[in-house]
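The block underneath contains the structure these notes are about, expressed in structure tokens.
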Ligand SMILES: NC(=O)c1ccc[n+]([C@@H]2O[C@H](COP(=O)([O-])OP(=O)(O)OC[C@H]3O[C@@H](n4cnc5c(N)ncnc54)[C@H](OP(=O)(O)O)[C@@H]3O)[C@@H](O)[C@H]2O)c1
């Protein structure tokens, strides 16, 4: 990836315009993350949530014994704190009976151990807590980690309620720098949330980008642009998103798709072509 394929967040953190996601890879995690890094990815998303992620496998590929040999500082490494209700009850990576601040600290320490690193580039709250007081307690515990130098920016995921996001943003001392959400028709592609993110310089990251948008990928506008540019519809859609300031996550397990995902930076859609795709998202 070249320098123009990175952005700098409100907290001064350099982030690649596409990020490799590590969910559901189990024992293949280290091998796939190593392959993704070797292919050119420089952003990795994971979570301290053994139910869906093998975080220690990510650490093996970054700095551990299976390392791809890429300097830690060259990688944007983001993990998540998962509240209790997001865990498999028999695999909770912190004391389930501790107060939420302790749970955040224990989860963070486990992430550092798993990832074999002394700091995180991003720490993301996996989903908002239903109770606002508890939400702020968890956020303040994340702020303490930020202030102690343990992570360079904070974020939140699965927050589809603009009012709640605004509430968190207003109350937070350390503002969310990242919002990571499902990107699909059911939520109207988060239009209002994304407009708010733009105003506040919050980076919007998308997941389910391909898997929940089969209808979009089959639209003539996408397939015709694919023919014009000699790219797949998935590449056209990923490229479009990056040109809108959205960072897509891809968890592909295929080397060919890894290469194709990175090759989106070899071409650029015109404003008119982007406008045609935007119309399809209305
Ligand atoms: N915050 C959250 O709650 C949350 C939830 C879900 C996911 N995530 C994050 O987002 C990451 C991505 O997950 P995702 O749900 O978006 O799905 P995904 O794991 O990226 O899977 C997408 C599907 O699209 C296929 N695919 C990938 N690239 C392609 C391409 N260029 N052309 C055609 N098909 C392609 C993949 O198949 P192949 O493997 O064959 O390429 C796979 O079947 C996860 O690993 C995780 O890090 C976060």
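Numbering (this note's numbering), first residue to last: 5 to 286.
All C-beta atoms in this analysis are idealised placements derived from N, C-alpha and C, irrespective of residue type, glycine included.
>> One question on the structure: do residue 266 and residue 19 come within less than 8 angstroms of each other, judged by their Cβ atoms?
In response: Here the question's residue 266 lines up with position 262 in the chain shown. Here the question's residue 19 lines up with position 15 in the chain shown. The answer is no: Cβ separation not under 8 angstroms.
> In whole angstroms, what separates the C-alpha of residue 82 from that of residue 40?
Replying inline: What you label residue 82 is simply residue 78 of the chain shown in a count that begins at 1. What you label residue 40 is simply residue 36 of the chain shown in a count that begins at 1. Looking at the two C-alpha atoms, the distance is approximately 15 angstroms.
>> According to DSSP, is residue 93 part of a helix, a strand, or is it coil?
In response: Locating residue 93 in the chain shown gives position 89, counting from the first residue. It is coil, neither helix nor strand.
> How about residue 218: is its Cβ closer than 7 angstroms to a heavy atom in ligand 1?
Replying inline: As a position in the chain shown, residue 218 is number 214, starting the count at 1. False, no ligand heavy atom lies under 7 angstroms from that Cβ.
>> Give me the residue from 46, 263 and 57 with the minimum Cα distance to residue 30.
In response: The residue labelled residue 30 in the question sits at position 26 within the chain shown. Ranking 46, 263 and 57 by Cα distance to residue 30 puts 57 first.
>> Restricting to runs no shorter than 3 residues, where is the beta strand (DSSP E) found entirely within the region 174-225?
In response: 182-186 and 207-211
> Between residue 115 and ligand 1, is the CB less than 7 angstroms from at least one heavy atom?
Replying inline: For the purposes of this step, residue 115 is identified with residue 111 of the chain shown, where counting begins at 1. Because no heavy atom of ligand 1 lies under 7 angstroms away, the Cβ of residue 115 does not count as near it: no.
>> Looking at the strands, I want to know which residues DSSP matches up with residue 18.
In response: Residue numbering aside, residue 18 sits at position 14 when the chain shown is read from its first letter. Its beta-bridge partners are 12.
>> Considering only their Cβ atoms, is the gap separating residue 85 from residue 62 smaller than 8 angstroms?
In response: Translated into positions along the chain shown, residue 62 becomes position 58. Translated into positions along the chain shown, residue 85 becomes position 81. In this structure, residue 85 does not lie closer than 8 angstroms to residue 62 by Cβ.
> Measuring CB to CB, does residue 163 end up less than 8 angstroms from residue 126?
Replying inline: Taking the chain shown and counting its residues from 1, one reaches residue 163 at position 159. Taking the chain shown and counting its residues from 1, one reaches residue 126 at position 122. Cβ atoms of residue 163 and residue 126: not closer than 8 angstroms.
>> Within 10 Å of its beta-carbon, does residue 232 have 16 or more other beta-carbons around it, so buried, or fewer, so exposed?
In response: Residue numbering aside, residue 232 sits at position 228 when the chain shown is read from its first letter. Taking all protein chains in view, the Cβ of residue 232 is surrounded by fewer than 16 other Cβ atoms within 10 Å, so the residue is classified as exposed.
>> So if DSSP puts residue 25 in a beta bridge, which residue, or which two residues, is it bridged to?
In response: Locating residue 25 in the chain shown gives position 21, where the first residue counts as 1. According to DSSP, which records beta bridges pairwise, residue 25 is partnered with 49.
>> Taking the beta strand (DSSP E) that residue 127 belongs to, which residues open and close that run?
In response: The count along the chain shown starts at 1 and reaches residue 127 at position 123. Segment 126-129, the beta strand (DSSP E) holding residue 127.
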